Every structure is written in C-alpha cells, then in structure tokens.
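In the UniProt record's numbering, the protein residues as written are 1 to 376.
Glycine included, C-beta positions come from ideal geometry on N, C-alpha and C.
Please read all numbers here as calculations on a predicted model, not as lab measurements.
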C-alpha cells in the first residue's frame with residue numbers, strides 16, 4: 001500500500017512556502033506604500049498645512065521623547081542570546097572604516113587654499129552622511145516585514161543603534177566641533193585646543209536623551225540578568241504603557257519629519273558642482289558601505305562564532321548597509337555653525353539617498369527573502 005499522505009507532503013510544503021513568500025512580498029509592498037505615503041504627507045504638510053516652526057517642534061518630540069522611549073523599552077527587554085555578534089561587529093567595523101576613509105576623502109577633495117577647519121568639516125560631513133543609517137525609521141518596518149517583528153534579525157537593530165550613539169556619534173561630533181573651533185580660532189587669530197573640545201562633546205553626550213535612554217535601558221536589562229539570570233521579558237506595566245505610547249509614535253512621526261525636511265532640498269541637486277558631494281555620499285552609503293558590511297561579516301564569522309558565516313547573516317548585513325541616510329544627520333549638522341550651503345547639501349543628500357537607495361533596498365529585500373529559512 002502507498003502512503004498517499006507522505007506522497008502529498010512535499011506538495012503541501014511547497015504550497016506553504018509559496019504562500020509564505022507571497023505573504024512576505026505583500027508585507028513589503030504595504031511597507032513601501034506606508035513609507036511613501038508618510039513621506040509625501042510630511043512634504044505636503046510642510047508646504048501647505050503647517051506653520052514654519054512646526055518642523056523644529058516635531059523634531060524635538062522625536063529626538064527627546066519618542067526615540068528615547070523606543071530605545072529604552074527595546075534595550076531593557078533585549079535577550080542577549082538573540083544577538084548575532086558577527087553582524088554587530090561587522091556593522092560597527094564597517095562604520096569605523098567608512099568614517100576614517102570619508103575623513104581622508106574630505107581632506108583630498110577640499111579646494112586649495114582651504115580655510116582653517118574646512119578639510120576636517122568636509123570629511124566629517126561626508127562621514128556623517130555615509131555612516132548614519134535610518135535603522136529605525138526605515139530599517140525597522142522593512143526588516144519587520146521581511147523577517148517578522150519578533151525575529152532575532154530585527155533585534156540586531158536595537159543593538160546597533162545604541163552602539164552607534166555611544167561610539168560613532170561621539171567621533172563625528174568631535175570632528176565637527178574641532179573643525180568649527182579651528183575656523184573660529186583662525187578668524188580670531190588663536191588656536192583650537194583639542195582638550196576643551198572633547199570635554200564639551202562629552203558634556204553634551206552626558207545630557208543627550210538618546211544616550212541616557214540607552215544607559216537606562218542597559219541598566220534595567222543587566223539588573224534583570226543579575227537578579228533572575230536572564231533579561232526581563234517585559235517592563236512593569238505602568239512603565240511599559242508610557243514607553244510604548246511614546247515609542248509607537250516614532251515610526252510614523254520620523255517619516256513625516258523626513259518628508260518635511262525634504263522641502264526645498266532639491267535646489268543644490270540642480271547644479272553639477274553642488275551635486276558632487278551628495279552624489280559621492282550616496283555612492284558610499286548605498287554601494288560601498290553595503291559591500292563592506294557583507295565582506296566583513298564573511299571574514300568575521302569564523303573569528304566570532306568559530307564557524308562559517310551563514311548566508312542569511314550575510315544577506316542581512318548587505319541589506320542593512322543599503323538603508324538610506326538617517327535624518328538625524330540633518331539634526332546634527334544643524335547644531336553646529338556650518339555654512340547654510342553645507343546644511344543645504346546635507347538636506348539634499350538625504351533626499352537623494354532616499355530616492356536612490358530606497359528602491360535597491362526594497363529590491364534586495366524581495367530577492368534575498370527566498371533564501372531565508374521559514375522559521376525566521
């Protein structure tokens with residue numbers, strides 16, 4: 001007798017895989033619709049609906065309340081056994097190498113004779129645009145649609161973001177502060193001192209809501225590990241309600257803010273000379289950085305885990321690298337005494353990065369999904 005159930009099992013598995021693939025592509029399509037709609041809504045709101053000062057108010061809400069709440073609640077309950085240290089190490093090393101290369105390129109492309117501080121500022125701005133990925137505004141919805149909200153791959157974002165804020169941002173802020181200080185000192189006939197600049201950067205970080213949220217979340221997590229032997233699985237209800245209400249507002253608000261920031265940002269792109277810096281930054285961010293991240297993940301796998309790096313880990317590393325530049329870059333640039341033209345170039349790069357980088361990111365997500373195991 002033949003086992004008809006066994007004979008039909010491969011067909012059932014194939015049908016289930018096809019249905020899962022169709023559901024994933026549908027989720028990606030709706031993610032694209034949601035992101036595009038919110039960007040357009042922000043653009044239209046800034047042009048026709050909201051007063052000129054609305055953008056600064058929304059930006060303050062996002063940076064002071066919504067994003068810190070999201071980081072705190074995510075880090076506080078992060079399960080450390082879900083962290084893929086190969087991905088984390090590859091991303092952070094790629095950011096460090098890209099930052100160093102961008103500073104060198106900034107020095108090389110600065111016209112001579114250059115004003116004091118111009119070389120460092122150009123390199124710092126280029127690095128800021130190349131290593132600041134939109135991890136949560138764009139990455140979180142895309143990765144959640146691709147892998148599932150509770151996937152261990154989505155958890156990597158909540159490890160990378162704090163490390164970026166604690167390690168990469170201080171280096172970027174120090175370079176920007178040093179360049180601005182050199183320019184001021186040259187105008188006044190003095191000399192910029194590195195010590196006071198670094199102390200000023202550290203004082204600023206000590207009061208930064210994002211840094212404080214990361215440290216508070218980490219302290220909560222480690223306290224749970226010390227008390228129970230594992231990280232908390234949930235926050236106390238009262239705290240969870242507040243942090244969830246604020247954190248849930250972040251994904252939509254940051255996309256609306258990105259749309260608002262794009263108003264008027266296309267003007268620098270109309271000049272061939274002004275287009276050079278945004279084009280170079282987008283090339284590094286959307287092409288060089290993804291390849292560097294994937295290559296480093298391939299090389300670091302045997303060193304970190306003692307085994308070859310799985311294909312799905314390499315795919316995630318590449319996909320993460322394709323994420324467009326974060327609007328946080330514009331917020332950081334606006335905090336320093338940069339020339340209005342430079343701030344305009346940063347805004348133009350953000351728009352160009354989303355225009356050029358978003359389609360390849362979605363295409364990569366759609367193409368890489370079939371190689372992933374179904375349990376992810």
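*Using 10 angstroms around the beta-carbon of residue 230, count the other beta-carbons present and answer buried if the total reaches 16, otherwise exposed.*
exposed
*Given a threshold of 16 other Cβ atoms within 10 Å of its Cβ, counted over all protein chains shown, does residue 150 qualify as buried or as exposed?*
exposed
*If residue 145 sits next to residue 31, beta carbons under 8 Å apart, how far is it from one beta carbon to the other, in whole angstroms?*
4 Å
*Among the residues of its own chain, which have a CB less than 6 Å from the CB of residue 325, if the five just before and after it don't count?*
129, 132, 285, 350, 353
_Where the alpha helix (DSSP H) containing residue 332 begins and where it ends_ = 328-334
*Are three or more beta carbon pairs between the segment 327-338 and the segment 170-183 nearer than 8 Å?*
yes
_Please report the straight-line C-alpha distance between residue 358 and residue 42, rounded to a whole angstrom._
17 Å
*asked:* Quick test of your reading: residue 297 and residue 87, contact by CB under 8 Å. State the CB separation rounded to the nearest angstrom.
replied: 6 Å
_With H, G and I counted as helix, E and B as strand and the rest as coil, what does DSSP make of residue 56?_
helix
*Residue environment, residue 160, which counts as buried when at least 16 other CB atoms sit within 10 Å*: buried
_Can you tell me whether residue 373 is buried or exposed? The criterion is at least 16 other CB atoms within 10 Å of its CB, across all chains shown._
In this prediction, residue 373 scores a pLDDT of 45, lower than 50, which makes its location untrustworthy; no coordinate-derived value is stated.
*Return yes when the Cβ of residue 260 is within less than 9 Å of the Cβ of residue 37, no when it is not.*
no
_Span of the alpha helix (DSSP H) around residue 155_ = 152-163
_Cβ neighbours of residue 313 in the same chain (closer than 8 Å, five flanking residues each side left out)_ = 84, 86, 87, 297, 301
*Excluding the five sequence neighbours on either side, which residues of its own chain have a C-beta within less than 7 Å of the C-beta of residue 65, listed in chain order?*
246
*Grab the span of the alpha helix (DSSP H) containing residue 312 for me, first residue to last.*
311-321
*Answer with buried or exposed for residue 23, where buried requires no fewer than 16 other C-beta atoms within 10 angstroms of its C-beta.*
exposed
*Going by C-alpha distance, which of 171, 141, 70 is nearest residue 125?*
171
*Nearest to residue 92 by alpha carbon, out of 289, 329, 206, 60?*
289
*Apply the 10 Å Cβ neighbour rule to residue 375 and answer buried if 16 or more other Cβ atoms are within range, or exposed otherwise.*
Residue placement at residue 375 cannot be trusted, given a pLDDT of 41 that sits under 50; the coordinates are not used to answer.
*Who are the near neighbours of residue 305 in its chain, counting only those whose CB is closer than 8 Å to its CB and skipping five residues on each side?*
85, 86
*Do residue 168 and residue 95 have their CB atoms nearer than 9 Å?*
yes
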